[in-house]
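As structure tokens, the structure follows; a few thoughts come after it.
Residue numbers (our numbering): 485 to 864.
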């Protein structure tokens, strides 16, 4: 039996994904209860719900209340979304695994961190499976996550929530999520080669100043609900190409987002097509390597889950507790009429909303220029 089949059986027999999900729901519930214990803050959070839904790509999330409102609405569904997405990628052998070094992964626009928590689950499951089956390559695999996030509200959230999740919940296996600030503040003009001055002294005590470069290279770069407008994709064309340009060989750029269309600028089919043109038309070779980006055609790249399965039921449990707190603080009226009704419905047992998304993958290929006349590819 192939290792992937054994791994899938291991996931099911240990109920791994749900156990991690259930634990994190409990941690998140306690954390939000504590945050909303202050009546004024609870009212402030409630007043942000409509903006988070209607104008999520227009507000700046600098205020803690806005970041908390966003996390209440989006954290759990997107955490499970990535549990499912990573499972699919692993089945297709698209998750980076190395036996001689850690994996470096960058999450762009991390928000409250659902992608990072699911990523931690992924590599934890591989490590535990490797230990149970004595698979050296898996049981010793390490990975180093990093993120891009400019909002102080989300950075503060990630710092405190990760600390709570790991150190106050008594979980046996900690989430490997950076609770310190990530190395990158903003995706605009992001630099993967950072020049700096190194100050040192020689044996005579003379000060020496040297110019050095810190290079950031990744095996996987993730963008989840970050690209939401066609014009935004166009404006970030150089940054998006640089993700591939400074990617390691066989590295993956994974873009996850919504379906459908709101208007001509928020048309997801056009967003993904624009992205594809930008990435595939980029120039990625340098004086050492001849490189190219490839779009990977994945037939089942559209996924979903219903909120009446057991994951959705736990989301409802969480929403019920939040609703009770808002009612207690007379904060429910601060939510706009349209979304207030939707949020109330999301706590009902017969509520059957379907969470839907899709993902797109680009892979970098490169070969040394010496002795090669062109890059060759194996068709998938």
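Idealized CB from N, CA, C, for every residue including glycine.
- Straight across, the Cα-Cα distance linking residue 838 with residue 751 is about 20 Å.
- For residue 804, the CB contacts under 6 Å within the same chain, skipping 5 residues up- and downstream, are 831 in chain order.
- In the same chain as residue 569, and ignoring 5 residues on each side of it, the C-beta atoms closer than 7 Å to its own belong to 740, 787 and 843, in chain order.
- If you compare the alpha carbons of 625, 503 and 738 with that of residue 846, the shortest gap goes to 738.
- Straight through space, the alpha carbons of residue 777 and residue 606 are spaced by roughly 25 Å.
- Counting along the chain, no beta strand (DSSP E) covers residue 661, and no H or E run does either.
- A distance of 8 Å or more separates the beta carbons of residue 622 and residue 608.
- Taking the Cβ atoms as the reference, residue 638 lies roughly 5 Å from residue 595, within the contact range of under 8 Å.
- Boundaries around residue 799 are those of the alpha helix (DSSP H), 794–812, since no beta strand (DSSP E) includes it.
- The alpha helix (DSSP H) runs of length 4 or more contained entirely in the segment 490–520 are, from start to end of the chain, 500–519.
- Note on residue 629: 16 or more other CB atoms within 10 angstroms of its CB, so buried under the neighbour-count rule.
- By the CB criterion at 8 Å, residue 697 and residue 677 fall inside the cutoff.
- Between the alpha carbons of residue 579 and residue 587 lies a gap of roughly 10 Å.
- Its Cα nearest to that of residue 505, the residue 565 stands out among 541, 731 and 565.
- Counted as a single uninterrupted DSSP element, the alpha helix (DSSP H) harbouring residue 550 occupies residues 548–575.
- In the three-state reduction of the DSSP assignment, residue 726 falls in the helix class.
- Rounded to the nearest whole angstrom, the C-alpha separation of residue 593 and residue 687 is 45 Å.
- In the structure shown, residue 697 falls within a strand segment according to DSSP collapsed to helix, strand and coil.
- The beta carbon of residue 794 is closer than 8 Å to those of 502 in its chain, skipping five residues each way along the sequence.
- In this structure, DSSP gives residue 682 an extended state, which the three-state scheme calls strand.
- The beta carbons of residue 530 and residue 819 sit closer together than 8 Å.
- Residue 749 places its beta carbon less than 8 Å from that of residue 715.
- Annotated as proximal: residue 706 and residue 591, with beta-carbon spacing under 8 Å.
- For residue 588, the enclosing beta strand (DSSP E) begins and ends at 587–592.
- Following the DSSP letters along the chain, one finds residue 842 inside the beta strand (DSSP E) bounded by residues 838–852.
- Rounded to the nearest whole angstrom, the CA to CA distance from residue 535 to residue 543 is 7 Å.
- The C-beta separation of residue 708 from residue 660 comes to about 18 Å, leaving the pair out of contact by the 8 Å criterion.
- Looking from the CA of residue 763, the closest CA among 720, 802, 743 and 733 belongs to 720.
- Shown here, residue 738 sits in a strand according to DSSP, grouped into three states.
- Spanning the alpha carbons of residue 497 and residue 585 requires a straight line of approximately 30 Å.
- Between residue 725 and residue 766 a beta carbon distance of about 4 Å is seen, short of the 8 Å cut, so the two are scored as contacting.
- Using a 10 angstroms sphere on the CB of residue 620, the tally of other CB atoms stays under 16, which defines it as exposed.
- It is roughly 19 Å from the alpha-carbon of residue 850 to the alpha-carbon of residue 760.
- In this structure, the alpha-carbon of residue 653 lies about 35 Å from that of residue 674.
- Separation of residue 734 and residue 710 (C-alpha to C-alpha, rounded to the nearest whole angstrom) is 23 Å.
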